[in-house]
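J.: Protein chains in written order, with our numbering: chain A, 2 to 497; chain B, 275 to 374; chain C, 486 to 686; chain D, -19 to 497; chain E, 48 to 686. After the structure tokens below, expect a handful of questions from me.
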Amino acid sequence: MLEPINVSLESLNLITLAPMLIAIAGGLIILTIDLINKKLDKTLYVMLTLLILFINFGAVLGLNVNERGFFDVMLIDGISIVSQLMIIGGSMIFIPLALTSKRFHEFAYPEFFALFLFMIAGFQFMAASDNLILIFVGLETASLALYTLIALHNRANSYEAAVKYFTMGAMAAGFFAMGSAVLYALTGSIELYKIAEIMATRMSETGLMIAIFGSSILLLVAFGFKLSLFPFHTWAPDVYEGASAPLAGYMSVVPKVAAFVVSIRIFGMYIDLGLEWVRWTILILAVITMTLANVMALVQDDVKRMLAYSSISHAGFIMAALALDTTEGNTAIFLYYALFMFTNLGAFAMLWISRHKVRRFHKRYDHPFEKFAGLIQIMPMGAVIMAIFMLSLAGVPPFSVFWGKIYVMQAAVNAGYIWLAVIMGLNSAVAAYYYLKLVVYMFLKDPVKSVDIVYYNISKPLMVIIGFATVATVTAILYIQPLVSYLYYMISASGY
Amino acid sequence: MIGLSHYLIVSAIIFSIGLIGVLRRRNLLMLFFATEIMLNAVNIAFAAISHYYNDLTGQMFAFFIIAIAASEVAVGLGILIVLYKKHGSLDLDDLASMRG
Amino acid sequence: MFENFITSLMTVEGFAFYLFSFLTIGLFSVTVMSKNILYSMTSLAAAMVLVSGFFFLLGADFLGVIQIIVYVGAVIALYAFAMMFFDATRDIKEKNTNSFVVFLLGGMSALVLVLMFAAPIHSNDIQALYPMTEGVGNAQDVGMVLFTKYLVPFEVAAVMLLVAMIAGIILAGKKMNHSITENMEIDNDAKDEIMIQKDKE
Amino acid sequence: MENILSILVFFPAVAGLLGFVVTKESIRAYGIAVTLVVFLLTLWLWFSFDMNNPGIQFVEMIPLIPDFGISYYLGADGISLFIIVMTALMTLIGMASMGETKNIKNMIISLLFLEMTMIGVFVALDAIIFYLFWELSLVPMLYIIGAWGGPLRVYASIKFFLYTFTGSLLMLVGMLFMAYIYHNLTGVWSFAVTDWYALVLPVDYQIWLFAAFFIGFAIKVPMFPFHTWIPYAHGQAPTIGSVILAAILLKMGTYGFVRFSLPLFPDASVMAITPIAVLSLIMVVYTAMIAYAQKDMKQVIAYSSVSHMGIIMLGLFAMNAEGLGGSIFQMLSHGIVSGALFMLVGMIYDRRHTKLLSEFGGLASVMPKFAIIFGVMLMASVGLPLTIGFVGEFLVLLGFYKVSPMITIIAGTSIILGAVYMLRVMKLAFFGPLNNEANQKLKDLNARETWSLVPLVAIVIWLGVYPKPVLEPINNSVNALLAFMDEKAITKEAKDMIHVSNSFESGRPTLSIAGGK
Amino acid sequence: MENLVYIALFAPFAGSLFASLFGMKEREIFVGVVASILIFISFLASALLAANLYMTGEVIHVRMMDWIAVGDFNVGFGFVVDHISVTMMSVVTLVSTVVHIYAIGYMDHDRSFNRFFSYLSAFVFSMMILVMSDNFLGLFIGWEGVGVCSWLLVGFWYHKEDKPKEENPSISPSWAANEAFIMNRIADLGMLIGIFILYWNTGSLRYDEVFAQLPYLSETVLAGAAIALFIGAMGKSAQFPLHTWLTDAMEGPTPVSALIHAATMVTAGVFLVVRSNPLYAMPEVSGVSMFIASLGTFVAFYAASMALVERDLKRIIAYSTLSQLGYMFAAAGLGAYWIALFHLAAHAFFKALLFLGGGNVMHAMNDELDLFKMGNLKKEMRATWLYMGFASIALAGLPPLAGFWSKDAIIETAFNEQTYILWFMLVVTAGMTAFYSFRQVFLSFHGEDRHTPLGFHPHEMYTFALVAMFPLAVLALITGWFMSAYKVFIYHIGESVQYEMSEHTHHLAIYLGLLVIFIVLASIAYAYMKYARTGDKAWKRDEAKEQGFFYKLLKNQYYVPKFYEEFITKPYSMISEKFWTGVDLKIVDATVDNIAKFFYTTGDKTRSMQTGNLSNYLNWMAVGGVILLAVAAVSAIFM
């Protein structure tokens, strides 16, 4: 007979669950409100979501570092707090982008906001656990919600995007499951800290290395997919193109943060075990990713697609930092994303406000370069802001991404990978070309058609968001210091 | 005696069959079948490891994988339906408007 | 090796294992290879039932039951409905090009995975975290763990299912038929766009 | 005003921001007023500069990102002082003489931002802050070239941007590595150049770091194989763009060598003497010859810039006060002279909308003032004594003679080849009969143009006759730099080289006799 | 006294500035007058300084201000008035004064009259810096200054068109000006190198300090410095092979030729050698000195030979200048620095006179310079005839005119040094000099009247200009008489300038002199026979002779300009063009562009990887995964 189990409520440390529960509860509230009154419109939901996220944010801030909860399933360490904050922060920037002056399909659904909140909860679970099951379930929750959000944009491209993302995601899920199975077979555990312990004892056994490497590769396929690492990146440009602009921007940051947290936990473990092979595999893939994506971004005709490739390239950049497996490297990941978030979301938001319902400039693309030709003459402010985002992405100081870049490069140098820093530098130079291309179109060319207005979709909330992103991008130099020290403290506190 | 490896190898083979299916199939519905096969293969592995380690965790994992697979089917079919409404086809080869 | 095979066939467990193995592998192959979606689906369903056989064989009774209920009962049913919706009973014309590469890849992955699993992965030193309790039914055992340790994933899975449900409902729903995104009439300001954007020339 | 440097850096930027409010009609006056104030501030800086102090003055240091070791660290010494003054001057004059009318507001605002970045580069003592301004300077320049330039402007501006950007990214890696070494040795993060100075690096590190910094600076200078962006940039840029580019932006590269490469890597610098001298020689001779073959007036001056930068580079690696001081002086002189030449070409372009030499001839007859000022600048450019051009060039060659007589002789051909291509321009454009009808009704310089050039002419002659006020602080700082390099060098070869290039050869033991005392 | 130094130096500068104020205005006579007066003041100051120096023997050093001071290098504007510089100052200012006054008349009709005076005075200023400076760098300022002024003045008529070389060997004033400038620059590089050598070995550039260090220097250093400085001198003084610019420079207005290309600037090279006499007198550099002497002798002969067949009046005088410069270098190279300097002064007077006379002819003939189009001009231009004849006698070296004394001393020196080959050549050259001088005089002023049929109506120059030339004529006469006085004067400088004939030569001096006089007279007689007679025996052009090899060789200046054209100018253009289009654009730039293009085309190619087909994407993913797995397996097995 089984013994009844006595568990004290305190030992469960339920507070660790609070942030996710808030998000889930928020989603349920939205669904309920919708059931009660069908006539409410998106402004309410956007603000509700924002408020829920706000509470969520506060709840995360209130967490103590290095706690476990709920039978040790929950792991609240530094990176989980940091990443949750970033996830929520990114979401808070994203969600007001629904308040465009034009109507778009997805925002007509209250379910959109519920799904969005569930997705955030999923990401938070991914970040706040080292239990592979919870990671997997959280991942899938978030992913499934995300597929839906993409499809909800409701046009041919977005279905295609959703299908592509979904199918490849399903395959990646298979690989993840398989990888977990191998780890489980190797260690009898699915909790990463346990796995690390047991694996360390089994490292010397003969004939096991193939399984260890194999498990790392299976997991790498799964997370390489999420992080759009070569050669698992192929979905990214199409999905970004098919999704609405803000969602594309969102996808290039928030899901990746969550995925990076897990990657740090998993691959950090492998590298800590002394498996240089894993490090080199990741490094090589990262280098290929950043280079290839850069090269492909060069030839794009559409700004959004170009930004998609650039996001891949940035991800490769950061993946390289991950492979360093130093505290600095891991700090660099978060710093980079924190800074990249403002800029990239800002850039995508700029695309969003220039979204027309009809494709006037190109048969296929919503945002071909021609659309922005001569923008400085039409809307100087818009052009300048867009240029700032582009320069920031290109890594021109003092804009935000530059600081992330030098931190990553410094981390590489400190870890002794000077060649990596050089490659990063050269890649940034290549990347500068395509960012510059947009700047060139905006500032140096004359308008293709005599268009009076490009930012047709703009509204006050969007202006606020973009303004905020701009300020955050431009004044990065002022807040880097507290940001870095906070991140470094959090990450070193969690032992990475 | 049937050892753990036996099960795992079966699992591996089934996983590969699933993989082949994913690669080979051009019809989305069939492709989804193949992903199910892959997940099932993993389930076998988990159950087997669980059995041989006398540990319930593996079964837990398998349990959740089943849940995930089911959810995926629901979402996947939802997407397929909208796609079909728009495209009238589930063939992958018709689905390449975004490229380059 | 072969002797080993024969001897293990002699046992019930061994026999069942090999039987299930060959059957599942065969059926899954049919699923993957068949041109007819109906065959494909039927063999999938059959194979999934057989997979549950493995579970029973491995003492994971609860899992086996779930497998049958969820897969055969829910998933396959869903597929069947979908199939009818798509009117996909007819033979599907697939251009299965590059099949050599596909099989090579499949073969290679099988080879590597088999190599991996053929490694002495099993260790006797491993202490089970949640050992199966003697004399307790598997379902009870599983329940115990599921509702303590894995309560959170369980709840998250519930959310996931909720997500899937909502997703399925809204995606398949009627509201998706008219796209606000693309349809300008729905938009109150649609006129503006035309007006504002008129070319100057 | 202890924080004069900050004021100098941020005043133009703030003014640029406020400039958005000013209307199109008043913006030019606004721009001139702002740059005038900046120029007056730089003059104030000059007069409050302690000439006898060879060290860094007006230091401002605010820790910005202590965790990275980045701080807002500004300061000026004798080397940067005059480059700052020249920056302000050339911006002022360039703006005053500007003939552009299209999108004038954007132009003025870009120029103000550009001025901020340029001054920033020359006062920054923190590597990252230096890099920040360095990179940022590309942006307004990109816009200026790309928006107001000639038919190939987009190509030219992108080439300019990407080329420099690429080089400086490698330099950035060098900086990061330098900080890393500093951290390793001291346990503290710092990007402050003055902190780095204290480091004594092993030679192989020095070589690699030197190479990294070299790429960044060499592209900017531009040194020989990396120079091809400049004909495009100059050829396509509007007048003001060329003026700023030639006068100031190129100096960033050479300044970088003085500020970073020489004091940080003395041994590597000594080792690099020969390769750099060879590259410089190619620059001097090869580009001078190319300049001779040009059909476009502006291209001649563009290539001549490269040629002159070769001389400057040579001087930097002379490892003696004569060469180094001369080189820094030559930076100023080249800034003013080439700036003026570009302005002159711009003025003729404004009238005729062509820069092709074949379109001109006999201009001296219709535009005597123009011809005279061009002649003065030409003579300064070919290094005529008592013009600003001579002092620097002479000192550089004098200094380098000690290092290598042979190289100096070849480099000295610059005084011949320079005369060859410049006189060709003079002859083709200004001399001969006035055959082209389009030229016959050309108006001579108007008051605005004249008065923006006259100060330059005055400076050209003043500093040619009496360079002491400028040379003295440069000399102090340069001597301090050399003494520092000597002290810091670890290899015997480097020490010997520095000693040798700083001593006289004769049997006479002391240096008590200095000419003319 | 210091004030006098400054007055002497800056009066011309003031004149130049004054004139330049009116530079773009219409002709104003007073500009010329003021400039002339200021130059005259400078002359007075120089004369007073000379007198003072003569009386007191006190050398004046002045340091005006610092110039360049970096590191150990410290050079200021310092001036010295010693025996050498005061000689030059007096000569320069005197000739300048005359030329200035003369130019008021000569440039009367030119619309750029004012500009001309500003240039001319600026030239004098530069020349004064050159001669007065107490250090090499100051000398270099003047050196370059005179170069620029010469450029301005030669190219004074910049608006003239380029002509083919067959029509006008100097192409155009602007061309000639550029040629002169660039040629000089080549030499200036040598001079700079010399300065570098001296600086790095002595630590100073002041004459006295440098010379004080000389004994401590090694032979290579001394020789290097001597050679380098002499290269500089070669350019300015148009010694072979840098001589071609001088004849082309005749494109400038004639007063310019008189002042710059006869009396002052071209002698700067000689001045430099004389100034650096302690260096050249060092026994270690005797080889260099010998070379200087030989080159000088060669140039003397070489230039004289070309003058024999020249038809252009001014070019003949230019050749004769070249030739006389050769004499000076011969003297300097042989160690007779004071004789060189003396010849320099004497030559300045009569050569300026000759040029101004030529200017009169040109003025009269509407700028026609072809001797073959003149003849019997003496009937219209008596004064000019007298001046030119007188100057030619001086040039030819007949006693008691200046040329005789100084040139004879040089020839004697060559004999005295037992360099008989040089002596012989110099003697021959003396004969040739007499011949071509008088050929020119006879062709223009005597013989048949060839100009009237061609429609020329010559007229005499303004009287004031003729009067202004008078002092030169006087000096051409009397200078030679003061030779021994000058010797005493200049011997104060120091041992190195002191040069005495040996006993042996002293005895033979009278015979040597007579020999030369005989040769000169014979040459003049021959010239008279050939060119001066009228009627039946009047000179006719001999076409056949003009086709002869030697005639053509001489006429084409030994094909040296052609050589430069073909082997330097044209290849330079060609290589430049090739460097630009072939190397810079096609290789250097193309490499950069190709790197960029490489990335772009790679992007274009890899773009096809993104087929848009999901199946492909899945394949990519699977291929990636499986390959990585395989690699993992392989590396695990081999580890």
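We put the beta carbon where it would ideally sit given N, CA and C, even for glycine.
(1) Should residue 421 (chain D) be labelled buried (16 or more other beta-carbon atoms within 10 Å of its own) or exposed?
(2) When you compare the CB of residue 519 (chain C) with every CB in chain E, is at least one pair closer than 8 Å?
(3) Express the C-alpha separation of residue 65 (chain E) and residue 28 (chain E) in angstroms, rounding to a whole number.
(4) Can you list, in chain order, the residues of its chain whose CB lies under 6 Å from that of residue 687 (chain E), leaving out five sequence neighbours each side?
(5) Quick check on DSSP: helix, strand or coil for residue 129 (chain E)?
(6) Can you tell me the Cα-Cα spacing of residue 241 (chain E) and residue 268 (chain D), whole angstroms?
(7) What are the residues that DSSP puts in a beta bridge with residue 336 (chain D)?
(8) So what does residue 253 (chain E) bridge to, in DSSP terms?
(9) Assess contact between the region 523 to 533 of chain E and the region 442 to 456 of chain E, defined as three or more Cβ pairs (one per stretch) separated by less than 8 Å. Is contact present?
(10) Counting Cβ pairs closer than 8 Å, one from the region 55 to 74 of chain D and one from the region 451 to 471 of chain D, do we hit at least three?
(11) Count the CB pairs spanning the region 110 to 126 of chain D and the region 87 to 99 of chain D that are closer than 8 Å, and state whether there are at least three.
(12) Determine whether the Cβ of residue 112 (chain E) lies closer than 8 Å to any Cβ atom of chain D.
(13) Strictly under 8 Å for the Cβ-Cβ distance: is residue 278 (chain B) near chain E by that measure?
(14) Shorter than 8 Å from the beta carbon of residue 590 (chain C) to some beta carbon of chain E?
(15) In terms of residue numbering, what span does the beta strand (DSSP E) encompassing residue 109 (chain E) cover?
(16) Should residue 481 (chain E) be labelled buried (16 or more other beta-carbon atoms within 10 Å of its own) or exposed?
(17) Hey, would you say residue 394 (chain A) sits closer than 8 Å to residue 337 (chain A), going by beta carbons?
(18) For a contact meaning CB atoms closer than 7 Å, what does residue 50 (chain A) contact in chain H?
(19) Per DSSP, what kind of secondary structure is residue 384 (chain D) in: helix, strand or coil?
(20) Anything in the region 154 to 174 of chain A with a Cβ closer than 7 Å to a Cβ of chain C? List those residues in chain order, please.
(21) Report yes or no: do three or more beta-carbon pairs, one from the region 211 to 227 of chain D and one from the region 64 to 81 of chain D, lie closer than 8 Å?
(22) Quick test of the definition: if touching needs 3 or more C-beta pairs under 8 Å, does the region 70 to 88 of chain A touch the region 125 to 138 of chain A?
(23) Let me check understanding here. Comparing Cα to Cα, which of E:62, E:140, E:607 and E:514 lies closest to residue 161 (chain E)?
(24) Checking 8 Å against the spacing of the C-beta atoms, do residue 91 (chain D) and residue 40 (chain D) come in under that value?
(25) Using the Cβ count rule (16 or more neighbours within 10 Å means buried), how would you classify residue 655 (chain E)?
(26) Do you know whose CA, among E:391, E:578, E:414 and E:477, lies nearest residue 523 (chain E)'s CA?
(27) For the alpha helix (DSSP H) containing residue 56 (chain D), name the first residue and the last one.
(28) Evaluate residue 8 (chain D) with the Cβ neighbour count: other Cβ atoms within 10 Å of its Cβ, from every protein chain shown; 16 or more gives buried, anything less gives exposed.
(29) Report the partner residues of residue 68 (chain A) according to the DSSP bridge assignment.
T.: Put simply:
(1) The residue labelled residue 421 (chain D) in the question sits at position 441 within the fourth sequence. Exposed: under 16 other Cβ atoms inside 10 Å.
(2) Working through the third sequence from its first residue, we reach residue 519 (chain C) at position 34. Not an interface residue.
(3) Because residue 28 (chain E) is not part of the residues shown, which for chain E are 48 to 686, the question remains open.
(4) What is shown of chain E runs 48 to 686, which leaves residue 687 (chain E) out entirely.
(5) For this step, residue 129 (chain E) is matched to residue 82 along the fifth sequence. Coil, per DSSP.
(6) As a first step, residue 241 (chain E) is located in the fifth sequence; it is residue number 194 there, counting from the start. As a first step, residue 268 (chain D) is located in the fourth sequence; it is residue number 288 there, counting from the start. Taking the straight line from one Cα to the other gives about 24 Å.
(7) Taking the fourth sequence and counting its residues from 1, one reaches residue 336 (chain D) at position 356. Answer is D:276.
(8) In the fifth sequence, residue 253 (chain E) corresponds to position 206, counting from 1. Answer is E:182.
(9) yes
(10) Contact holds between the region 55 to 74 of chain D and the region 451 to 471 of chain D, because three or more Cβ pairs, one in each stretch, are under 8 Å apart.
(11) yes
(12) The residue you call residue 112 (chain E) lines up with position 65 of the fifth sequence. For residue 112 (chain E), at least one C-beta of chain D is nearer than 8 Å to its own C-beta.
(13) The sequence position of residue 278 (chain B) within the second sequence is 4, counting from 1. No, no contact with chain E.
(14) As a first step, residue 590 (chain C) is located in the third sequence; it is residue number 105 there, counting from the start. Judged by the 8 Å Cβ criterion, residue 590 (chain C) is in contact with chain E.
(15) Taking the fifth sequence and counting its residues from 1, the one referred to as residue 109 (chain E) is at position 62. Membership of residue 109 (chain E) in the beta strand (DSSP E) is indicated by the continuous run 107 to 117.
(16) Start at 1 with the first residue of the fifth sequence, and residue 481 (chain E) comes out as number 434. Buried, because 16 or more other Cβ atoms sit within 10 Å of the Cβ of residue 481 (chain E).
(17) As a working mapping, residue 394 (chain A) is identified with position 393 in the first sequence. As a working mapping, residue 337 (chain A) is identified with position 336 in the first sequence. Against a cut-off of 8 Å, the Cβ pair of residue 337 (chain A) and residue 394 (chain A) comes out as no contact.
(18) The displayed structure is made up of protein chains A, B, C, D and E, and chain H is not among them.
(19) Indexing the fourth sequence from 1 puts residue 384 (chain D) at position 404. Residue 384 (chain D): coil per DSSP, three-state reduction.
(20) 154, 155 and 156
(21) yes
(22) yes
(23) Mapped onto the fifth sequence, residue 161 (chain E) falls at position 114. The option with the nearest alpha carbon to residue 161 (chain E) is E:62.
(24) As a first step, residue 91 (chain D) is located in the fourth sequence; it is residue number 111 there, counting from the start. As a first step, residue 40 (chain D) is located in the fourth sequence; it is residue number 60 there, counting from the start. No, the Cβ-Cβ distance between residue 91 (chain D) and residue 40 (chain D) is not below 8 Å.
(25) Residue 655 (chain E) sits at position 608 when you count from the first residue of the fifth sequence. Exposed, by the Cβ-count rule.
(26) Here the question's residue 523 (chain E) lines up with position 476 in the fifth sequence. Here the closest residue by C-alpha is E:391.
(27) Counted from its first residue, the fourth sequence places residue 56 (chain D) at position 76. Here residue 56 (chain D) belongs to no alpha helix (DSSP H); instead the beta strand (DSSP E) covers 50 to 56.
(28) As a position in the fourth sequence, residue 8 (chain D) is number 28, starting the count at 1. A residue is called buried once 16 or more other Cβ atoms fall within 10 Å of its Cβ, and residue 8 (chain D) is buried on that count.
(29) Sequence index remark: in the first sequence, residue 68 (chain A) carries index 67 (1-based). Residue 68 (chain A) pairs with A:77.
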